[in-house]
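>
Number of protein chains: 4
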Amino acid sequence: MIVVMKADATRAQIAEVETRLREMGYRTHPICGDERTVIGAVGVTRADNPEVIGKMAGVDRIVPIMKPYKLVSREFNPVGTKIRVGDAVFGGGEMVVIAGPCAVEGEEMIHRVAQDVKRAGASVLRGGAFKPRTSPYAFQGLELEGLSMLRSAGKAANLPVVTEVMDTRDVEMVSEYADIIQVGARNMQNFKLLKELGHVRKPVLLKRGLAATLEEWLMAAEYILDGGNDQVILCERGIRTYESATRNTLDLSAVPLCKEFSHLPLVVDPSHGTGLARLVLPMSRAAAAVGADGIMVEVHPDPIRAMVDGQQSITPAQLSVLVTEVKRVSAAVRTHPQVASGSCKRAI
Amino acid sequence: MIVVMKADATRAQIAEVETRLREMGYRTHPICGDERTVIGAVGVTRADNPEVIGKMAGVDRIVPIMKPYKLVSREFNPVGTKIRVGDAVFGGGEMVVIAGPCAVEGEEMIHRVAQDVKRAGASVLRGGAFKPRTSPYAFQGLELEGLSMLRSAGKAANLPVVTEVMDTRDVEMVSEYADIIQVGARNMQNFKLLKELGHVRKPVLLKRGLAATLEEWLMAAEYILDGGNDQVILCERGIRTYESATRNTLDLSAVPLCKEFSHLPLVVDPSHGTGLARLVLPMSRAAAAVGADGIMVEVHPDPIRAMVDGQQSITPAQLSVLVTEVKRVSAAVRTHPQVASGSCKRAI
Amino acid sequence: MIVVMKADATRAQIAEVETRLREMGYRTHPICGDERTVIGAVGVTRADNPEVIGKMAGVDRIVPIMKPYKLVSREFNPVGTKIRVGDAVFGGGEMVVIAGPCAVEGEEMIHRVAQDVKRAGASVLRGGAFKPRTSPYAFQGLELEGLSMLRSAGKAANLPVVTEVMDTRDVEMVSEYADIIQVGARNMQNFKLLKELGHVRKPVLLKRGLAATLEEWLMAAEYILDGGNDQVILCERGIRTYESATRNTLDLSAVPLCKEFSHLPLVVDPSHGTGLARLVLPMSRAAAAVGADGIMVEVHPDPIRAMVDGQQSITPAQLSVLVTEVKRVSAAVRTHPQVASGSCKRAI
Amino acid sequence: MIVVMKADATRAQIAEVETRLREMGYRTHPICGDERTVIGAVGVTRADNPEVIGKMAGVDRIVPIMKPYKLVSREFNPVGTKIRVGDAVFGGGEMVVIAGPCAVEGEEMIHRVAQDVKRAGASVLRGGAFKPRTSPYAFQGLELEGLSMLRSAGKAANLPVVTEVMDTRDVEMVSEYADIIQVGARNMQNFKLLKELGHVRKPVLLKRGLAATLEEWLMAAEYILDGGNDQVILCERGIRTYESATRNTLDLSAVPLCKEFSHLPLVVDPSHGTGLARLVLPMSRAAAAVGADGIMVEVHPDPIRAMVDGQQSITPAQLSVLVTEVKRVSAAVRTHPQVASGSCKRAI
């Protein structure tokens, strides 16, 4: 940590800050500039609340130096994490396509979509049984019944399934039915839920929060790893900005940056990321081009009759085109040896 | 709902949209403009997923007309909700000051602060026992022990207490110790938690989410009222913007707007809203001037040794000044009869 | 325009609104819903200030129906605009690469970069002579001298050149030296400058403002077309969000959306869009995959000694790799006939 | 400046960075932490482009220490700048109220409003003759004619006038008619215009840009002071956020922060800051409570017939109430001696 003193800080104030830093376990290295003094504070991995130094008399501000995450950092696992689920390998070099309806609407429907998804070439089935809805009056999902339908549809189509959990009390139940457990954007900082998922032996797909920084997102993943579960897949799903032409602004820069900062695999969700079905294909191609490990898209046999999020769902026929195109772009990117090596550190 | 057709929509497409709308229970009123047709859809209070219409061929976009909330709306209770807790009345015309440490750090400390808070003229004691922290390595609160200390400190100082709950499994326990149960910004759309709080017989202080719109915030409150608990106090605590000079951007316009849209009382948290202790006083005065029903501030006897959020905590001495000033501003605003009537609808 | 009345609007208020609308030239079509009335207002292409209706007694809000732009709209020119400059054709189906230093730093330097840019396979040379800098103490560009150097370097390398104009007084001068005149993000709503560029016979590259919506951006282009110059190239360069890991958030969804809304060609600037040289290659590939008509990147022979923006400049060697990869991705996207047709309307 | 090296930076990389820093004129002070090295770089007031260091091999990032502004800083003029215009003194301790129509619409109208404004107790008349409009088809102002009408109306009512300039070519003309020259939000980083205004002998009212940080805003003011004009009044007018319930989000925290960082007076514009006439009164009271030096509001005798921005204009009668209330709040704040001293540094 660096402590920047004010230009008019007194010697006594500087001394007091050094004393407090040493109390907290730091070694201090003051540097006297022409206008002001800064103090390097060294030797404490993670002080509990270093920001308080920023409040001391004569202090202008503090600058953290170390990244706050450790277990999720690329340094911790330079070769990268691979997560195998069914035939899919997240982080293995091949784009994984996860597809399915926003919500499980019924037995027949989810079975039909599962077959369509399989046929189109996707390798994981998605479907919500617990739905986080802005309105208490909107369809909230089929819950346990939905989990069971999803499970059986996945089994019939030979596809592993991913579904969301919203409540610590449901973690055990959901982990019995799901191959991958999803944490939604609104729960990214539901720390109790993250802790609970640290004790589960199933991969967790962790969506980025609506307005989460990359650092906060990685810290949310750190909660899960810290609990003992190192099978986390990150999912970029768009952030909230002032632009209202799209539901969210899909932040594709997050892909190479997170791959640089962390060893965890990362997929992109262009359905929520744009909120517009007609943008799903071009943004999926872009996700492949930028180096994502996979994409997750919403598919519905009859989008205009979907119970949830029909406006951003594509049809099974469109999914087939999408899988083909995503693979073509991914191949074009990987045929170049420099790119194949993957890390954006190398590239430019 | 209004459905705006594209300029080049065909008659068949328009007919198809009308058919689908009628299927959903709407009556339709097409208006043929010079360039395009719009269709008024009338008669359905809350269709489950009207956005799908936006996906139909020939449709440009849809425009919702009705506010999605009902129980929290001003129309539902034009005189406004008053919530009495101890000597404090939220929504009763007097500014309520809630104060206390970010976290309960120990028995002696919380008792001492409680006395300070009482002496300064505040009427509710705050203190966290469950702390939502970005990092899993940071202090997470004293949990049950902290609840018990807070309770006893409040009792000794004759102050009701407010504290946060983060997990559906803890709702019952927290409601035994707290007079007001707080939902933190990160849990504003933890819908399972909101539902659980709908069944509790204690007031809920609902913080606005980091990047929540007013509408989403009111819909979160709607979840609680829909569950049967109509004692909700809204708390504006700053939103996330691009500006990094403050921790968040305190959105004071939200105060008169929410008072117009809803009958619920609303307090302002300038501690989290700015993240800087030296802004707490001026922004508290502003909150009083704009018509808030109260403020909630963090107080610590020794902010630079606080375990959490010391940089935004004020001292007990500063709290005394703050209570005095807030009351003076509030009185200045209310002495004017036009202002005293409260509603911003009237004013300008 | 749709006028949404409040639930408690009186008949007299509704009548008054209709009267005012008719005064403004509209025909009115009231629709009486179960809870409130909405009024369709038809027949006026562009009222000067329709928002005032929103202020009338009993009015809840108004909803504009028509897009405010006309000349830039896709409807106005469904086949799309092609702009030929030297060997480059913007909007012609091939990715155009614009490259060069942020600022022209000297005669020898710009000549050397021009040769490098040519050799790498780019087809337009960029270089700033007038530099908009946050600080008055930073290098402001070589101005007229810089224009002349850029011109001669472009000529020697057989590359057309693009450079920025910041002042209405310089438009004539810059248009003598430049093949394409750039409007920077900070001047996107410098309406006097836009009007002046409406009278120029050179293509204009119009960067999106820091916090501009797609609609405001297209309206800025409309100013230029309305002045008589229909040669406008849009340039997405990232928007300002809360995320600080990158300089801006590159909004790639803007590419297919703008291609749908407008007939103008669109290029992407990943240098400013990310602010990090190591993200320029992956985001350029993404821009190609999503359907941009070109990219604009900053190149410097010795980025760490660049006078401006070195941290986001790539080297000539990296540019060669980039041109190759961008073309490979572009080809992969276009070999698929469905994608070749270009419009995102078709796709999904 | 602090240079943070990567954890795996080599000794050679550290040495190279030190060499480059010394080339730039810095003295270097390396601090070897347990995980990584940071280098303090001291002794250069304003390097032209220090960010390039961030690109060198082994560098993680750089941290600027010094504020980039000098002439506008509070340190440069601790007592604060007072700007006298007519009877108004900006920064003199009394709230100044600037009021008038968005646009000068005609001779009679502006004369009438001027009288109303005077009668209501405001002390500066505003009115636009050059209007920056999103649409080229909207009313663009009466230009020279409007300037002349405004001048004569101000004279008749004995009020100084403020009006906007949009083009470097008009600066001389506008400065002949205006007592205060306004720079609009969209031109806050029109650096050529700022430079031109540095040579004028009239006060400049500088609005904050739509998405400008406090630092960028102060740097824009620095351009004007650096040109020789130290009469700058800052104007907070709301920033762009994701929230759409208001036109902008009025950032009142900016008031005490800017007063701390800078000696320049600061006014608040709640009309543009909210976009809703009914929020103008409560937000004006809040601006007074937070310590602004004045407010600027839009007034129109018949808002629903205003040519521009009627939805955010108040009536002359409402202005009278507003002036009274703002003065009452201001007095309540200032009667307290601690608050009267003004600086937020003192307060908490």
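Residue numbers (the numbering used here), protein chains in the order written: chain R, 3 to 350; chain B, 3 to 350; chain H, 3 to 350; chain Z, 3 to 350. Beta carbons: idealized from backbone N, C-alpha and C, even for Gly. Treat the numbers as computed from the prediction; the structure is a model and nothing was measured.
1. In chain order, what residues of the segment 303-319 of chain Z put their CB closer than 9 Å to some CB of chain H?
2. With distances taken Cα to Cα, identify the nearest neighbour of Gln233 (chain R) among R:Lys84, R:Met3, R:Met285, R:Glu147.
3. Evaluate contact between the segment 93-113 of chain Z and the segment 131-148 of chain Z, counting only Cβ atoms and requiring at least three cross-stretch pairs below 8 Å.
4. Flag Ile241 (chain Z) as yes if its beta-carbon sits less than 9 Å from any beta-carbon of chain B, otherwise no.
5. Give a yes or no on whether the C-beta atoms belonging to Gly293 (chain R) and Ala90 (chain R) are separated by under 9 Å.
6. Note down the Cα distance separating Pro339 (chain Z) from Val323 (chain B), rounded to an integer number of angstroms.
7. Using only the alpha-carbon positions, how far apart do Pro272 (chain B) and Val206 (chain Z) sit?
8. Determine, for Thr326 (chain B), whether the minimum Cβ-Cβ distance to residues of chain R falls below 9 Å.
9. Going along the segment 65-88 of chain B in order, which residues come within less than 7 Å of chain H, judged by CB to CB distance?
10. Does any CB atom of chain D fall closer than 9 Å to the CB of Glu107 (chain Z)?
11. Under 8 Å, with one C-beta from each stretch per pair, do the segment 243-255 of chain Z and the segment 274-292 of chain B reach the 3-pair mark?
12. Please list the partners that Thr30 (chain B) has in chain Z, where partner means a Cβ-to-Cβ separation under 7 Å.
13. Counting along the chain, where does the alpha helix (DSSP H) carrying Pro162 (chain H) start and finish?
14. Report yes or no: do three or more beta-carbon pairs, one from the segment 185-202 of chain Z and one from the segment 219-236 of chain Z, lie closer than 8 Å?
15. Can you tell me whether His201 (chain B) is buried or exposed? The criterion is at least 16 other CB atoms within 10 Å of its CB, across all chains shown.
16. Can you give me the start and stop residues for the alpha helix (DSSP H) that Thr21 (chain B) sits inside?
17. What is the C-beta distance between Met3 (chain B) and Arg128 (chain B), in whole angstroms, given that I count them as a contact (C-beta under 8 Å)?
18. Bridge partners for Gly296 (chain H) per DSSP, in chain order?
19. At the level of alpha carbons, what is the spacing between Val176 (chain H) and Val167 (chain H)?
20. Name the one or two DSSP bridge partners that Thr39 (chain R) has.
21. Using a beta-carbon distance cut-off of less than 7 Å, what residues from the segment 199-212 of chain R approach chain B?
22. Checking the sheet assignment: what are the DSSP bridge partners for Phe92 (chain R)?
23. Take Glu198 (chain R) and list the residues in its own chain whose beta-carbon comes closer than 7 Å to its own, dropping the five residues that flank it on each side.
24. Grouping DSSP H, G and I as helix and E and B as strand, with all else coil, what is Ala105 (chain Z)?
25. Using DSSP bridges, identify the partner residues of Val44 (chain Z).
26. Within 10 Å of its beta-carbon, does Asp36 (chain R) have 16 or more other beta-carbons around it, so buried, or fewer, so exposed?
27. What's the C-alpha gap between Ala9 (chain R) and Gln313 (chain R)?
28. Using the beta-carbon count (16 or more within 10 Å), is Lys261 (chain R) buried or exposed?
29. Note down, one range per segment and in chain order, each beta strand (DSSP E) of at least 3 residues found wholly within the segment 148-202 of chain H.
30. Closest to Gly94 (chain R) by C-alpha separation, out of R:Leu23, R:Ile235, R:Ala334, would be which residue?
31. Are the CB atoms of Lys120 (chain Z) and Ala180 (chain Z) nearer to each other than 9 Å?
32. Strictly below 7 Å CB to CB, what residues from chain B border Met58 (chain R)?
33. What are the start and end residues of the beta strand (DSSP E) that includes Leu212 (chain B)?
34. Considering only the alpha carbon of each residue, which of Z:Asp228, Z:Glu238, Z:Pro267, Z:Gly275 lies closest to Thr248 (chain Z)?
35. Between the alpha carbons of Ala43 (chain B) and Arg22 (chain B), how many angstroms are there, rounded?
36. Tell me where the alpha helix (DSSP H) around Glu262 (chain H) begins and ends.
So, from the listed chains and residues:
1. Pro305, Ile306, Arg307, Ala308, Met309, Val310, Asp311, Gly312, Gln313, Gln314, Ser315
2. R:Lys84
3. Touching, yes.
4. Taking 9 Å as the CB threshold, Ile241 (chain Z) lines the interface with chain B.
5. no
6. Caution applies to Pro339 (chain Z), whose pLDDT of 41 falls short of 50 and renders its modelled position unreliable; the value that the coordinates give is listed next. Val323 (chain B) has its alpha-carbon roughly 11 Å from the corresponding atom of Pro339 (chain Z).
7. 32 Å
8. Nearest CB-CB separation between Thr326 (chain B) and chain R: not below the 9 Å threshold.
9. The residues in question are Val65, Ile67, Met68, Glu77.
10. Annotation note: the requested chain D is absent from the structure, which comprises protein chains R, B, H and Z.
11. yes
12. The contacting residues do not exist; Thr30 (chain B) stays about 27 Å from chain Z at best.
13. Counting along the chain, Pro162 (chain H) falls outside any alpha helix (DSSP H), and DSSP gives it neither H nor E.
14. yes
15. exposed
16. Segment 13-25, the alpha helix (DSSP H) holding Thr21 (chain B).
17. That pair is no contact at about 42 Å.
18. H:Val98, H:Val269
19. Spanning the two alpha carbons is a distance of roughly 7 Å.
20. R:Cys34, per the DSSP bridge assignment.
21. Leu212
22. R:Ile85
23. Closer than 7 Å at the Cβ level, and outside the excluded window around Glu198 (chain R), lie Thr170, Val173.
24. strand
25. Z:Arg29
26. exposed
27. If you draw a straight line from the Cα of Ala9 (chain R) to the Cα of Gln313 (chain R), it is about 56 Å long.
28. That one is buried.
29. 163-166, 182-185
30. R:Ile235
31. No, they are not a contact pair.
32. Ile306
33. Annotation: Leu212 (chain B) is outside any beta strand (DSSP E) and is labelled neither H nor E by DSSP.
34. Z:Gly275
35. Straight-line spacing of the CA atoms in Ala43 (chain B) and Arg22 (chain B) works out to 11 Å.
36. 256-263
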